[in-house]
Structure formats: structure tokens, C-alpha cells
Amino acid sequence: MNPTILVTGGAGYIGAHACVTLIAAGFTPLVLDNLCNSSAESLRRVGRITGVEPRLIVADIRDAQALDALFAAQPVAAVMHFAGLKAVGESTRDPLRYHDNNVAGSIGLLQAMQRAAVRTLIFSSSATVYGEPGFEQFREDMRCDPVNPYGRGKWMIEQMLGDLAASEAGWRIAALRYFNPVGAHASGLIGEDPRGAPDNLMPAITQVAVGRLPKLRVFGGDWPTPDGSGVRDYIHVMDLAEGHVAALRHLLAHDPTLLTLNLGSGHGISVLQMLRAFEQVLGRALPCEIVARRPGDIAAYWADPTLAANVLGWRTQRDLHAMCRDAWRWQQANPRGYASA
Ligand code: NAD
Ligand code: UFG
Numbered sequence: 002m003n004p005t006i007l008v009t010g011g012a013g014y015i016g017a018h019a020c021v022t023l024i025a026a027g028f029t030p031l032v033l034d035n036l037c038n039s040s041a042e043s044l045r046r047v048g049r050i051t052g053v054e055p056r057l058i059v060a061d062i063r064d065a066q067a068l069d070a071l072f073a074a075q076p077v078a079a080v081m082h083f084a085g086l087k088a089v090g091e092s093t094r095d096p097l098r099y100h101d102n103n104v105a106g107s108i109g110l111l112q113a114m115q116r117a118a119v120r121t122l123i124f125s126s127s128a129t130v131y132g133e134p135g136f137e138q139f140r141e142d143m144r145c146d147p148v149n150p151y152g153r154g155k156w157m158i159e160q161m162l163g164d165l166a167a168s169e170a171g172w173r174i175a176a177l178r179y180f181n182p183v184g185a186h187a188s189g190l191i192g193e194d195p196r197g198a199p200d201n202l203m204p205a206i207t208q209v210a211v212g213r214l215p216k217l218r219v220f221g222g223d224w225p226t227p228d229g230s231g232v233r234d235y236i237h238v239m240d241l242a243e244g245h246v247a248a249l250r251h252l253l254a255h256d257p258t259l260l261t262l263n264l265g266s267g268h269g270i271s272v273l274q275m276l277r278a279f280e281q282v283l284g285r286a287l288p289c290e291i292v293a294r295r296p297g298d299i300a301a302y303w304a305d306p307t308l309a310a311n312v313l314g315w316r317t318q319r320d321l322h323a324m325c326r327d328a329w330r331w332q333q334a335n336p337r338g339y340a341s342a
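The opening residue of the sequence shown carries number 2 in my numbering; numbering runs sequentially from there.
Written as C-alpha cells, this is what we have:
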């Protein structure tokens, strides 16, 4: 019997890719998602890729009854907790909605896990928990001081996980701090499908390429970086998904523990480098304009991925070309995202 892994938020961008890697690794994903930022079509596509369509329970992580019923209905070996709202700007305008969904939602999930005696968890954290530490390479032992409500929520949840692991024996927890996930499954069947105008760089580029946006706005050309544009650590979403399976295998095979790990490539890429790499894949130049810096952005940061490599034996495999090629394959085949189906 393949162990069942509850995947909250499994219909979303990263969760759907994680379902693919879970199935490939011999696990059975069981998805709980309220579909507030996704569609069930992503899971039908996972079925086309793997031959196994994950079961979807449409429910909210704040619904204690739904969680209890789910845990009572089958043994669950572990939980991958992706469910959450993720728009930084929106979190600044409506912090209570974010803390209710992300922080209170995580508390509800943890309480349900406690009731069901399921104590193995992988949590989607973010490099945003570091804030602006004054260094460019972020290491797990650096002080965290997030600068927006979204990031503070992630940091609150990480601290809560620490309290929980210290209070009760048996918890196996990995808080994974993602850097900038981009790209798509190589089939082009699943990918990132933002609702409304994209906030993030890669969907903005692919939407310009497909004609949904007139031009790419580069937020700032005067950052203290080699080419003046912002620098981030982009990670192919399939590398990220494989990092989750590595963390899951590690947790299931070891004594109870609390791990906090960066998942990134260790390399900084600028906005203009990303644009040029994408244009190479596309075979033509894209319209772009350098505009004012975006409030809240910082110049440059990337991961120190050493700890994840040492603990999990995991490191990224896919390069910038693969990120651009796969993001473009997805967008080209699905110009309106899953609504194109
Ligand atoms: P996404 O919006 O595509 O997926 C999140 C999923 O969670 C969606 O399917 C949504 O419908 C679901 N969801 C949200 N609130 C829910 C609730 N209360 N109950 C049930 N389902 C709920 O986002 P993603 O990019 O796949 O991100 C997954 C996780 O990774 C999030 O927790 C996010 O904060 C974190 N993360 C993402 C990034 C990124 O750049 N994409 C970076 C760092 C961390
Ligand atoms: N950028 C542009 N134009 C755009 C979009 C982005 O120039 O249209 C630039 C940004 O200024 C930044 C870089 O591209 O320099 C990356 O920006 P993103 O919005 O793609 O990503 P961020 O680094 O701002 O943040 C992302 C997620 C956060 C997460 C963080 C983790 O949005 O939720 O990565 O590192 F916390």
C-alpha cells in the first residue's frame, strides 16, 4: 500500500507539482483545497501526467469537522501543508484575512493532526521570513525579521512549530523556506496560473510573450547590482517539489526532529538576466521598460543551500534555461491558464 500524504493546497501551483513527484515516488497524495486560488483542472492534469488523479476534498483548512472526517477515513502518513494566501501587497492591505487564513488555518490543521496523532509535517515557509538581514546570502541560522504581514505570518507559524515540537514528543517537522519558484512540469500540462495581473516576474514575462500584457515592467534599474536590476534565487518548481519528497523521506526514516531548510539554488539571477534567458528560448525580444522600484523590494538575495544538501542529499538540478523553457511551454499551451482547457 502506498502511504497516503495529505496535501493541503494541493491544487495550487507548487502543490500540484508536489503531487506529481509524490506519485512518482510511490506515495498517494490526498488533496484538501478550498480552490480559492486554483482549480480542480490542475489535478486532472496531474492524472494525465502520472496516470493517477489525486483525490480532491474541497474544504478549508479552518474546517475542523472536515479535517477530523478526513483523518478518520484513512491512515495518513504525513501532511504537506501548502494551503495559504501568498500575495505580499494584499497581506499589507488586509492583514487579518492573511493571519486568519494562514496562521489560524495552520493552528487548526495542527490541532486536527494532534487529535489524529499524525505528527509528520512539511510546511511551506518562505525566504521572506528573513526580512532584510543586511547580507545577500541567506542562511538558516540568521535572525528572522520579516517586513510584511505575509512574512510575519510564516514566521509566526515557524515559531509555533518549534513550540509544538518542544512540547510534545514524536513530531517530525520540516519548515522549508522557498526562494523564488518558477517554471512548470516539462509536459506543459501544469504550471503557474495567477488570477488577475501577475505579481511575480516569471508569469509577467510569459504573459508578455503570449500577448496578455503589453510589456514587462522592470522594477528599478538603479539597484546596487551588476546590471542595476533586482537579483533573486530562482528555483525550478520541479526541483522544489523533489525537495519536498527528499524531506518527506528523511522525516519518515529518522527520529523525531524539527528541520528548517532553505530550498534554493544558491545562485542570484537578475531580472534582466532572466528576461534575456527567456528571450533566447522564445527566439525574439520582448517589450520592456525600466520603471520605478517597487515599494518593499530589496536589491539582492539568494539562498545558502548547503544545509539542505547536507541533511537531505538534495540540490537543484534544473538550470535557468530549463526554467524559461518549461514556463514558456506551459504558457504557450495554456495562454489563459487552466481556463484555456
Ligand atoms: P497557490 O495559491 O497556487 O496555492 C495555494 C493553494 O492553497 C491554492 O490551491 C488555494 O486554493 C489553497 N488554499 C489557500 N487557502 C486555503 C484554505 N484556507 N483552505 C484550503 N485551501 C486553501 O500558491 P503556491 O505558489 O502554490 O504556494 C504554496 C505555498 O507555498 C503557500 O503557502 C505559499 O505561501 C508558499 N510559498 C510560495 C512561494 C511562491 O513564490 N509561489 C514562495 C514561498 C512560499
Ligand atoms: N519584478 C519586476 N517586474 C515584475 C515583477 C517582478 O521587475 O513585473 C522584479 C522584482 O522587483 C524583483 C524580482 O523581479 O526584483 C522578483 O520579484 P517577484 O515578485 O517575482 O518575487 P519576490 O522576490 O518579490 O517575492 C517572491 C514571492 C514571495 C516570497 C519570495 C521568497 O512573491 O511571496 O519570493 O523569496 F516570499
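Just so you know, even glycine gets a beta-carbon here, dropped at the ideal spot from N, CA and C. Remember, it's a predicted structure, so these values are computed and weren't measured experimentally.
Item, Value
"Runs of alpha helix (DSSP H) lying entirely within the stretch 305 to 332, each at least 4 residues, in chain order", "307 to 313"
"Assigned secondary structure, Leu57 (DSSP; H/G/I helix, E/B strand, else coil)", "strand"
"Cβ-based neighbour list, Ala17, same chain, cut-off 6 Å, excluding 5 preceding and 5 following", "Ser43, Val47, Ile191"
"Residue burial classification, Asn35 (beta-carbon count within 10 angstroms, cutoff 16)", "buried"
"Buried versus exposed, by CB contacts within 10 Å (16 or more), Cys37", "exposed"
"Extent of the continuous beta strand (DSSP E) run through Phe124", "121 to 127"
"Per-residue DSSP class, three states only, for Val183", "strand"
"Neighbour-count burial assignment, Asp234, 16 or more Cβ in a 10 Å radius", "buried"
"Segment limits, beta strand (DSSP E) that includes Glu290", "289 to 292"
"heavy atom of ligand 1 below 7 Å from Ile108 C-beta", "no"
"Proximity to Arg116 [Cα-Cα], best of Glu133, Asp146, Met161, Ala73", "Ala73"
"For Gly154 and Val77, believed in contact at Cβ under 8 Å, the rounded distance", "With a Cβ gap of about 25 Å, Val77 and Gly154 do not count as contacting."
"Cβ pair Ile237, Val183 closer than 8 Å", "Here residue 237 is His; the residue named in the question, Ile, does not match the sequence. Result yes, Cβ atoms of His237 and Val183 sit closer than 8 Å."
"In DSSP terms, what Met143 is bridged to", "For Met143, which the question treats as bridged, DSSP gives no partner whatsoever."
"For Arg223, the three-state DSSP class (helix, strand or coil)", "Residue 223 is actually Asp in this sequence, not Arg. Note: Asp223 maps to coil in three-state DSSP."
"Per DSSP, the bridge partner or partners of Pro30", "Ile6"
"Cβ pair count under 8 Å reaching 3, the stretch 245 to 252 against the stretch 324 to 335", "no"
"C-alpha distance - Gly13 paired with Glu91, whole-angstrom precision", "18 Å"
"Same chain only: Cβ atoms within 7 Å of Val289, ignoring 5 sequence neighbours per side", "For the sequence presented, residue 289 should be read as Cys rather than Val. The answer, listed in chain order, is Lys216, Leu217, Val219, Leu276."
"Cβ pair count under 8 Å reaching 3, the stretch 132 to 139 against the stretch 19 to 34", "no"
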